[in-house]
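In UniProt numbering, the protein residues as written are 1 to 278.
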């Protein structure tokens, strides 16, 4: 099966550029923007040679996984454009729900199954399957002429394989028992993006996106540890605010709003921070 757009996406003017392998779908999308591409372009591949994660980390995309980037060219404030990562998380979670039948995936670290919220969203940019990282999202931007921004919304999904040398749990759809390939998942993703982007509505619908995101939030109400510029803050994950920043109540009862940081939950956080692995 070849990569293709959902009919809804095609009817809304989205375009598709598919590759067998690329260096980085994000880098390629931004190159297109600098060359004058108007946006609404999906760049997809089943293999990526030089993918990136947050803070310059390597994101491996071996053959059979999904690397997909949507190029968005917008006049919206960069602050609002940055919330497209939350749109991407919702779209991917919706797509996963669509292509993975309930009761047909081994969910839960104990191997059990759960048909509700099988895929959760971890602030700011991960999709989890019962605590294990299944996908990551990376937004990169470039300034264009005419007060416009190009935003590359990169989405990487562990379809057939996942890295095992990480300081946190990871998984893949194959490891969970889901018979789904990258092409099928992308078809559903292109459809789900259209629906969630209409909800976002150039940032005017951010409050609705926030509500949907919180309904899928991993660790909400639980203990978290956040590493910020080498310092660790511990507390309870209370919510995300109207700008989608992470809000916790620390052990002294103070409410802290965090714009950027690495979040870890429960026992994983405790073990890793104590050993300095994150």
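Even for Gly, the Cβ is constructed at its ideal location relative to N, Cα and C.
Remember, it's a predicted structure, so these values are computed and weren't measured experimentally.
For residue j and residue i, the rounded distance between their alpha carbons
{"i": "residue 206", "j": "residue 40", "result": "20 Å"}
{"i": "residue 221", "j": "residue 237", "result": "5 Å"}
{"i": "residue 289", "j": "residue 24", "result": "Nothing can be reported for residue 289, as the shown portion of the chain is limited to 1 through 278."}
{"i": "residue 225", "j": "residue 216", "result": "19 Å"}
{"i": "residue 99", "j": "residue 37", "result": "31 Å"}
{"i": "residue 11", "j": "residue 256", "result": "43 Å"}
{"i": "residue 160", "j": "residue 20", "result": "15 Å"}
{"i": "residue 72", "j": "residue 49", "result": "23 Å"}
{"i": "residue 15", "j": "residue 258", "result": "36 Å"}
{"i": "residue 119", "j": "residue 175", "result": "15 Å"}
{"i": "residue 165", "j": "residue 158", "result": "14 Å"}
{"i": "residue 140", "j": "residue 228", "result": "20 Å"}
{"i": "residue 194", "j": "residue 204", "result": "15 Å"}
{"i": "residue 13", "j": "residue 179", "result": "30 Å"}
{"i": "residue 93", "j": "residue 129", "result": "10 Å"}
{"i": "residue 212", "j": "residue 96", "result": "16 Å"}
{"i": "residue 265", "j": "residue 219", "result": "7 Å"}
{"i": "residue 187", "j": "residue 7", "result": "9 Å"}
{"i": "residue 242", "j": "residue 209", "result": "10 Å"}
{"i": "residue 29", "j": "residue 144", "result": "13 Å"}
{"i": "residue 223", "j": "residue 199", "result": "31 Å"}
{"i": "residue 35", "j": "residue 142", "result": "12 Å"}
{"i": "residue 366", "j": "residue 181", "result": "With the chain covering only 1 through 278, there is no way to say anything about residue 366."}
{"i": "residue 134", "j": "residue 102", "result": "17 Å"}
{"i": "residue 163", "j": "residue 246", "result": "27 Å"}
{"i": "residue 253", "j": "residue 233", "result": "12 Å"}
{"i": "residue 89", "j": "residue 31", "result": "24 Å"}
Reduced DSSP category for residue i - H, G, I as helix; E, B as strand; rest coil
{"i": "residue 109", "result": "Because the pLDDT of residue 109 is 39, which lies under 50, any placement of that residue in the model is unreliable, and the question is left without a value."}
{"i": "residue 186", "result": "helix"}
{"i": "residue 195", "result": "helix"}
{"i": "residue 256", "result": "strand"}
{"i": "residue 231", "result": "strand"}
{"i": "residue 35", "result": "coil"}
{"i": "residue 171", "result": "coil"}
{"i": "residue 220", "result": "coil"}
{"i": "residue 6", "result": "coil"}
{"i": "residue 24", "result": "coil"}
{"i": "residue 67", "result": "strand"}
{"i": "residue 311", "result": "Because the chain is modelled from 1 through 278, residue 311 falls outside the range shown and cannot be assessed."}
Residue-chain proximity (residue i, chain B), Cβ-Cβ < 8 Å
{"i": "residue 79", "result": "The chain labelled as chain B is not found in the depicted structure, where only one protein chain is given."}
Proximity of residue i and residue j at Cβ, strictly below 8 Å
{"i": "residue 61", "j": "residue 136", "result": "no"}
{"i": "residue 214", "j": "residue 240", "result": "yes"}
{"i": "residue 131", "j": "residue 169", "result": "yes"}
{"i": "residue 74", "j": "residue 151", "result": "yes"}
{"i": "residue 87", "j": "residue 231", "result": "no"}
{"i": "residue 177", "j": "residue 125", "result": "no"}
{"i": "residue 63", "j": "residue 42", "result": "no"}
{"i": "residue 154", "j": "residue 138", "result": "yes"}
{"i": "residue 250", "j": "residue 235", "result": "yes"}
{"i": "residue 190", "j": "residue 9", "result": "yes"}
{"i": "residue 202", "j": "residue 82", "result": "no"}
{"i": "residue 91", "j": "residue 192", "result": "yes"}
{"i": "residue 66", "j": "residue 185", "result": "yes"}
{"i": "residue 80", "j": "residue 149", "result": "no"}
{"i": "residue 44", "j": "residue 27", "result": "no"}
Presumed contact (8 Å Cβ cut-off) between residue i and residue j, rounded CB distance
{"i": "residue 263", "j": "residue 47", "result": "Actually they do not touch by this definition, with Cβ atoms about 29 Å apart."}
Residue i CB to nearest heavy atom of the ligand SAH below 7 Å
{"i": "residue 90", "result": "This structure simply doesn't include the ligand SAH, nor any ligand for that matter."}
(Q) Restricting to runs no shorter than 4 residues, where is the alpha helix (DSSP H) found entirely within the stretch 73–161? (A) Complete alpha helix (DSSP H) runs here, min 4: 78–81, 84–99.
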